[in-house]
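Protein chains in written order, with our numbering: chain A, 68 to 304; chain B, 11 to 128.
Working notes for the structure below.
Listed below in structure tokens is the structure:
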């Protein structure tokens with residue numbers, strides 16, 4: 068049996084199976100869901116924490132331990148990328164793509180804006196859409212632009228990776244420590260240590276701002292470490 | 011048949027599942043995996059969307075009623091875990107490409123079985 072013959076035989080079977088599965092999913096889908104959602108409870112949670120963004124109030128306060136394990140998953144992914152790519156050896160120098168005026172100019176213009184946007188998303192996570200994860204990812208992606216425009220080696224020289232990795236794990240320990248303190252003080256499920264403050268002000272939302280900044284820094288460092296290892300392993304951008 | 015977020019997400023899920031089964035390129039398989047994740051997110055968010063609902067951010071003068079914020083908080087976990095899975099899977103694809111010089115899953119399978127025989 069040749070390869071193309073096996074592929075042709077597989078095609079209708081796969082389409083039939085997937086189509087039947089999707090049709091079953093569509094027909095049995097329960098649009099009503101499990102009754103009316105309890106929105107008032109989450110608004111109460113937001114009022115208790117002083118955060119305006121209700122989603123932030125949920126994932127950094129009422130469901131904080133969920134988020135902590137999420138941060139742990141992210142750290143393990145960064146660790147896995149580092150472990151497997153370090154083991155395979157890294158190239159000595161990274162070839163950068165030929166210098167281009169358009170790229171250089173656009174990176175000079177955009178990089179500060181992207182970093183600023185990342186910081187804004189992180190710091191205003193309890194007041195507007197955003198938060199540590201999205202802000203850190205945005206700023207980390209800005210570093211990818213810098214690596215493309217300036218070359219990965221020159222960006223890496225400015226970031227001392229051995230220190231950064233320690234900072235990353237220190238932040239993780241810090242976040243777990245903060246959550247551990249509030250759990251030890253019996254502040255569950257609302258895990259707030261700081262006062263809520265005036266809703267709408269920057270310094271409000273209890274410990275949500277603190278967690279957002281810590282998680283944002285961690286995601287920023289983790290994204291850069293991942294990007295840098297991918298670039299180093301490939302040997303070019 | 012009403013076209014709403016759930017219908018589109020089921021359609022996307024089917025397309026991505028077909029890509030996962032039929033395409034032999036490992037990178038395309040990973041893209042399909044990402045598409046499955048996106049369709050799940052679309053389903054979760056659109057399930058609790060209401061035409062007159064506002065985003066779950068409290069306005070000082072009481073504006074329109076907000077939608078249920080819990081799925082939005084759950085979706086965040088899905089996004090981060092998908093990011094972690096894709097990053098790790100890309101590393102493994104890179105290691106396979108380094109060894110076998112192809113992203114074709116069937117060729118990699120054939121070469122590994124030949125290696126086992128010899």
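No residue lacks a Cβ here, since even glycine has one placed at the ideal position from N, Cα and C.
On a predicted model such as this, the values are computed, not experimentally measured, just so you know.
Against residue 300 of chain A, what residues of chain B qualify as contacts under a CB-to-CB distance less than 8 Å, listed in chain order? When 8 Å is used as the limit between beta carbons, residue 300 of chain A is near these residues of chain B: 104, in chain order.
So, is residue 87 of chain A buried or exposed, given that buried needs 16 or more other C-beta atoms within 10 angstroms? exposed
Interface residues of chain A facing residue 59 of chain B [CB-CB closer than 7 Å]: None at all; the shortest Cβ gap to chain A is about 11 Å.
Any heavy atom of the ligand ADP closer than 6 Å to the Cβ of residue 104 of chain A? Summarising the ligand content, the structure contains no ligands, and the ligand ADP is consequently not present.
Assign residue 47 of chain B to one of three DSSP states: helix, strand, or coil. Three-state result, residue 47 of chain B: helix.
Looking at residue 279 of chain A: is its Cβ nearer than 7 Å to the Cβ of residue 67 of chain B? Not in contact: residue 279 of chain A and residue 67 of chain B (Cβ atoms no closer than 7 Å).
Tell me, which residues are paired with residue 120 of chain A by DSSP? Residue 120 of chain A has B:67 as its beta-bridge partners, per DSSP.
C-beta neighbour in chain A for residue 123 of chain B, strict 7 Å: no
Spell out the partners DSSP gives residue 114 of chain B in its beta bridges. B:35
Out of curiosity, what's the CA-to-CA distance linking residue 123 of chain B and residue 108 of chain B? When rounded, the distance between both Cα atoms is 18 Å.
For residue 136 of chain A and residue 218 of chain A, I'd like the C-alpha separation in whole angstroms. Answer to the nearest angstrom: the Cα atoms are 34 Å apart.
Near-chain B residues of the region 75 to 98 of chain A (beta-carbon distance less than 8 Å), N- to C-terminal order: 77, 78, 81, 82, 85, 86, 88, 89, 92, 93, 96 and 98
Using a C-beta to C-beta distance shorter than 7 Å, which residues of chain B count as neighbours of residue 109 of chain A? 79 and 80
Is the region 46 to 55 of chain B in contact with the region 84 to 92 of chain B, if contact means three or more CB pairs nearer than 8 Å? yes
Does residue 138 of chain A pass the burial test, meaning 16 or more other C-beta atoms within 10 Å, or should it be called exposed? buried
Can you check whether the CB of residue 266 of chain A is closer than 7 Å to the CB of residue 117 of chain A? Taking C-beta atoms as the reference points, residue 117 of chain A and residue 266 of chain A count as a pair closer than 7 Å.
Using a cut-off of 8 Å between C-beta atoms, extract the partners of residue 243 of chain A located in chain B. What residue 243 of chain A touches in chain B: nothing, since even the nearest Cβ is about 16 Å away.
Beta-carbon gap between residue 259 of chain A and residue 273 of chain A smaller than 7 Å: yes
Name the chain B residues whose beta carbon is nearer than 7 Å to that of residue 200 of chain A? Simply 86 and 90.
Indicate whether residue 79 of chain B and residue 282 of chain A have their beta-carbon atoms separated by less than 7 Å. Their beta carbons are not under 7 Å apart, which means residue 79 of chain B does not touch residue 282 of chain A by this criterion.
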